[in-house]
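Numbering of the sequence shown is given in this note's numbering, commencing with residue 99 and proceeding in unit increments. Before any comments, here is the structure.
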Amino acid sequence: MNAFHAGEQALQARAGVQAQMAQIGPRVMRDHMPDQHREFFGLLPFVVVGSVDAQGQPWASVLAGAPGFMTSPDPTHLHIRARPVPHDPLNTTLHDGASLGLLGIQPHTRRRNRMNGTAHLREDGLTVEVGQSFGNCPKYIQAREPVWTPDAPAGHLAHEGPTLDEASRQLIHAADTFFIATAHPQAAVASEPRHGVDVSHRGGAPGFVKIEGQRLTVPDFPGNLFFNTLGNIAVHPPAGLLFMDFERGDLLYLAAHASVVWDGAELAAFEGAQRLLRLDVTRALRVQGGLPLRWGPAERSPHLAGMGNWSPG
99 MNAFHAGEQA
109 LQARAGVQAQ
119 MAQIGPRVMR
129 DHMPDQHREF
139 FGLLPFVVVG
149 SVDAQGQPWA
159 SVLAGAPGFM
169 TSPDPTHLHI
179 RARPVPHDPL
189 NTTLHDGASL
199 GLLGIQPHTR
209 RRNRMNGTAH
219 LREDGLTVEV
229 GQSFGNCPKY
239 IQAREPVWTP
249 DAPAGHLAHE
259 GPTLDEASRQ
269 LIHAADTFFI
279 ATAHPQAAVA
289 SEPRHGVDVS
299 HRGGAPGFVK
309 IEGQRLTVPD
319 FPGNLFFNTL
329 GNIAVHPPAG
339 LLFMDFERGD
349 LLYLAAHASV
359 VWDGAELAAF
369 EGAQRLLRLD
379 VTRALRVQGG
389 LPLRWGPAER
399 SPHLAGMGNW
409 SPG
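Encoded structure:
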């Protein structure tokens with residue numbers, strides 16, 4: 099069976115790499131975690147989680163803990179001893195049998211691994227049973243080291259509504275990183291791992307996310323050609339975004355309707371972008387503080403050298 103679903107295959111075909119990916123997919127999209135991935139998750143103080151709510155809206159969330167809060171007892175299971183921070187949408191989307199996407203990322207080494215699977219709730223958190231597991235290239239990750247900070251003050255809900263407030267706009271404008279969750283339309287009842295939830299990283303120079311009203315536009319740089327995110331959007335346009343304020347610990351959760359721009363003057367004007375990702379915000383949830391991590395200084399990804407930026411106009 100092809101490791102990629104119809105939406106991913108359609109994007110690969112448009113990019114002229116479908117035959118290549120059909121050969122590569124079964125070799126890299128595993129139904130288990132190799133030992134190095136199992137060990138890697140155990141080193142991390144946080145993991146990004148993608149989930150879907152009862153309406154099929156994906157959300158990107160974060161779980162955090164002291165390194166070792168994630169352990170893998172065998173190649174097909176990952177234990178996560180953590181609960182969502184207050185106000186995180188994962189508090190309502192997480193249930194026994196939920197389809198989840200995970201992104202394990204170590205920004206200061208630029209390592210990342212992705213996995214999707216099924217949640218099984220436990221008293222101390224959850225276990226994720228692996229559906230698909232695969233590594234990811236280090237491109238566009240800004241190197242900054244996270245440190246678990248258990249005494250960080252609890253966050254409070256600062257804004258919730260259908261539109262962005264000014265503080266949310268400022269956070270997005272300054273961001274060099276965000277995370278995006280997408281899902282296959284059958285994710286909630288996925289019988290095939292390729293029909294699950296995905297959560298991924300996006301990085302760029304500060305200001306790489308353009309804001310016009312409630313619309314965000316993001317350059318899509320050359321990647322691994324899997325098209326997990328854009329392939330999901332092709333068959334199920336809702337997406338969930340997570341922005342982190344690495345200085346203050348604020349979290350911004352967004353629900354959006356996503357689409358892809360393949361040509362036009364706006365795309366041509368952004369050097370290095372192969373496509374543009376449009377994200378029309380439908381709901382915003384901003385939590386002031388609450389992320390129990392503190393971050394070291396950032397070092398920009400060398401892969402961003404030569405990439406363009408949005409003109410002031």
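For glycine and all other residues, C-beta sits at the position ideal for the given N, C-alpha and C.
Self-check item: Selection from Thr315, Arg181, Gln230, Asp194 that minimises the alpha carbon distance to Val358
Solution: On the sequence shown, position 260 is the one that residue 358 refers to. Nearest of Thr315, Arg181, Gln230, Asp194 to Val358, Cα basis: Thr315.
Exercise. Quick one: grab the DSSP three-state call for Val307.
Key: One-based indexing of the sequence shown puts residue 307 at position 209. Coil.
Practice problem: Can you have a look at Leu409 and say buried or exposed, based on whether 16 or more other CB atoms are within 10 angstroms of its CB? | Solution: Looking up residue 409 in the sequence shown gives position 311. A small correction: the amino acid at residue 409 is Ser; Leu does not occupy that position in the sequence shown. Ser409 should be labelled exposed.
Quiz item: If Thr275 and His299 are in contact, beta carbons under 8 angstroms, what's the gap, nearest whole angstrom?
Solution: For the purposes of this step, residue 275 is taken as the residue at position 177 of the sequence shown. For the purposes of this step, residue 299 is taken as the residue at position 201 of the sequence shown. In this structure Thr275 is in contact with His299, their Cβ atoms being roughly 7 angstroms apart against a cut-off of 8 angstroms.
Self-check item: Closest by C-alpha distance to Leu141, when choosing among Asp222, Gly114, Pro205, Gly199
Solution: What you label residue 141 is simply residue 43 of the sequence shown in a count that begins at 1. The option with the nearest alpha carbon to Leu141 is Pro205.
Quiz item: Quick one: is Pro336 buried, meaning 16 or more other Cβ sit within 10 Å of its Cβ, or exposed?
Solution: In the sequence shown, counting from the first residue as 1, residue 336 sits at position 238. It counts as buried.
Quiz prompt | Cβ-Cβ distance between Thr216 and Ser231 below 8 angstroms | solution = As a position in the sequence shown, residue 216 is number 118, starting the count at 1. As a position in the sequence shown, residue 231 is number 133, starting the count at 1. Result no, Cβ atoms of Thr216 and Ser231 do not sit closer than 8 angstroms.
Practice problem: Leaving out five residues on either side along the sequence, give the residues of the same chain with a beta carbon under 8 angstroms from the beta carbon of Val307. | Solution: Within the sequence shown, numbered from 1, the residue matching residue 307 stands at position 209. So the list reads Ile270, His271, Ala273, Phe276, Leu314, Thr315, Val316, once near-sequence residues are dropped.
Quiz item: If we call anything under 8 angstroms between Cβ atoms a contact, is Phe319 one with Glu106?
Solution: As a working mapping, residue 319 is identified with position 221 in the sequence shown. As a working mapping, residue 106 is identified with position 8 in the sequence shown. No.
Exercise. Grab the span of the alpha helix (DSSP H) containing Gln121 for me, first residue to last.
Key: On the sequence shown, position 23 is the one that residue 121 refers to. Per DSSP, Gln121 belongs to the alpha helix (DSSP H) from 116-126.
Quiz prompt | Gln110 classed as buried or exposed, judged by whether at least 16 other C-beta atoms fall within 10 angstroms | solution = For the purposes of this step, residue 110 is taken as the residue at position 12 of the sequence shown. The residue in question, Gln110, is buried, as its Cβ has 16 or more Cβ neighbours within 10 Å.
Quiz item: Between which two residues does the beta strand (DSSP E) carrying Ser298 extend?
Solution: Here the question's residue 298 lines up with position 200 in the sequence shown. First-last of the beta strand (DSSP E) with Ser298: 295-301.
Self-check item: Close beta carbons around Gln386, own chain, < 7 angstroms, minus the five adjacent residues each side
Solution: Residue 386 sits at position 288 when you count from the first residue of the sequence shown. The residues are Gly253, His254, Ala256, Asp348.
Self-check item: Test item: CB-CB of Gly406 and Glu369 under 8 angstroms
Solution: Within the sequence shown, residue 406 is the residue found at index 308, counting from 1. Within the sequence shown, residue 369 is the residue found at index 271, counting from 1. Result yes, Cβ atoms of Gly406 and Glu369 sit closer than 8 angstroms.
Quiz item: Considering only C-alpha positions, which residue in the set Cys235, Phe139, Glu137, Gln153 is nearest to Pro283?
Solution: In the sequence shown, residue 283 corresponds to position 185, counting from 1. Nearest C-alpha to Pro283: Gln153.
Quiz item: Would you call the stretch 235-243 and the stretch 161-168 touching, i.e. three or more CB-CB distances under 8 angstroms?
Solution: no
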